[in-house]
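A.B. asks: Just so we're aligned: 129 in the numbering used here is position 120 of the sequence shown, and the numbers increase by one with no gaps anywhere. Using N, Cα and C, we set each Cβ at its ideal position, and we do this for glycine too.
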Amino acid sequence: MMKIHSSTQQDLNLYINSKQNAEKPSLVTDMMPMMPIIPHNTDSVEISPAARQLAASDIVNHSAVYFGTTQINDSLNRLLTDQPPEVKEAVYGIIQSNFITDVTGEAERGALLELGLTQAKYMADNYMEDDEAAEFMNTIRQIGAISQTRTVDPETNEVHYETPPQRPVGAPDDYIDLTYMMKKFESSTLDKLQEAIVNGKDWNSILLNFAKNVSTRKDWVEEYREEAARQFGDIAGENRFEHASTASLPEFVQDINNIIAQTGFENSKYLIDNMEAFKRTLGVISP
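Okay, here's the thing in structure tokens:
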């Protein structure tokens with residue numbers, strides 16, 4: 010069994026008030042309770058003969074809602090609030106099937122990423138206004154960039170994705186993502202904090218001591234600021250599908266299928282199936 014994890018952990022918030030004296034910054038910490046770990050046991054499900062005869066197109070599998078970071082989650086929530094359910098399903102379907110996916114082959118993952126970015130472009134062109142479309146594509150590119158940080162633990166087979174520093178909606182400009190700082194500069198302290206939370210021990214003192222330490226480490230803060238300011242949505246490389254027409258769904262699907270056929274992928278079925286699922290999701294509505 011393969012487990013997928015993101016680097017996003019408990020929201021350990023650290024605010025440093027830049028207006029205070031530089032030698033005595035004001036520190037305010039806030040922490041969300043840790044979500045309980047729910048074990049997954051293997052269940053047995055009996056499928057009736059009638060259900061087995063259902064066509065694949067009649068079976069609906071809803072995509073999981075992707076969080077990513079606070080900013081990504083807020084952006085997608087705002088942009089998709091007034092959209093039809095099929096549009097929301099298609100967007101989260103792209104994320105689940107093309108970006109944060111369990112596909113292991115690098116060539117296949119690269120092709121799915123390119124196709125997913127192009128599918129997102131179709132969504133932006135047909136269902137969003139100019140400003141919304143630009144924000145949507147920026148958010149999608151961030152998720153695509155996160156997908157490229159994928160690593161697999163050879164011992165546990167767990168998949169990990171790195172996420173950039175986060176700033177909660179409404180937080181001041183000088184906000185510092187304490188979880189990110191701990192993981193980057195004192196990973197052992199983060200391990201101790203997590204253990205204390207799980208075991209109901211005094212995690213607050215660990216958090217406060219680290220916060221005090223951060224306030225004295227200008228080099229840490231400077232490096233953090235540089236990383237937080239760095240654009241995390243740039244995806245290098247050529248997109249083989251980027252010139253597909255987005256004028257209409259039939260035209261878009263036809264162009265993509267032609268590109269797949271002409272490019273000569275060694276195995277193209279997964280791309281064709283991916284486009285079929287995308288078309289099936291959006292085929293019930295008109296932009």
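#1: Using only the alpha-carbon positions, how far apart do Pro181 and Asp139 sit?
#2: With DSSP run on the structure shown, which of helix, strand or coil describes Val168?
#3: By DSSP, does Tyr189 sit in helix, in strand, or in coil?
#4: Alpha carbon to alpha carbon, how far is Asp186 from Lys288? Give it in angstroms, no decimals.
#5: Val161 bridges to which residues according to DSSP?
#6: Spatial neighbours of Trp229 within its chain, please: CB distance less than 7 Å, with the 5 preceding and 5 following residues excluded, ordered by chain position.
#7: CB-CB under 8 Å to Ala129, same chain, minus the five flanking residues each way: which ones, in chain order?
#8: Out of curiosity, what's the CA-to-CA distance linking Leu121 and Phe250?
#9: Using a Cβ-Cβ cut-off of 7 Å (strictly less than) and excluding sequence neighbours within five positions of Leu280, which residues of its own chain qualify?
#10: For Asp83, which option in Asp134, Asn166, Thr188, Gly179 has the closest C-alpha, if you only look at C-alpha atoms?
#11: Start and end of the alpha helix (DSSP H) containing Phe261?
#12: Indicate whether Leu199 and Lys192 have their beta-carbon atoms separated by less than 8 Å.
#13: If you draw a straight line from the alpha carbon of Met41 to that of Arg234, how long is it in whole angstroms?
#14: Quick check on Leu89: buried or exposed, where buried means 16 or more other Cβ atoms within 10 Å of its Cβ?
#15: Which same chain residues, not among the five before or five after Ala60, have their C-beta less than 6 Å away from its C-beta?
#16: Is DSSP giving Tyr233 helix, strand or coil here?
C.D. replies: Here's the rundown:
#1: 28 Å
#2: strand
#3: helix
#4: 39 Å
#5: Val168
#6: Met190, Phe194, Val223
#7: Excluding sequence neighbours, Ala129 sits near Val100, Ile103, Phe145, Met146, Ile149.
#8: If you take the alpha carbons of Leu121 and Phe250, they lie about 10 Å apart.
#9: Taken in chain order, the residues that qualify are Ala120, Leu124, Ile269, Phe274.
#10: The residue among Asp134, Asn166, Thr188, Gly179 with its C-alpha nearest the C-alpha of Asp83 is Gly179.
#11: 258 to 272
#12: Result yes, Cβ atoms of Leu199 and Lys192 sit closer than 8 Å.
#13: Unreliable positioning characterises Met41 in this predicted model, as indicated by a pLDDT of 37, which lies under 50. The coordinate reading is nonetheless provided below. So the alpha carbons of these two residues sit roughly 23 Å apart.
#14: With 16 or more Cβ atoms within 10 Å of its Cβ, Leu89 is classed as buried.
#15: Bear in mind that the predicted position of Ala60 carries a pLDDT of just 41, short of 50, making it too unreliable to give a figure here.
#16: helix
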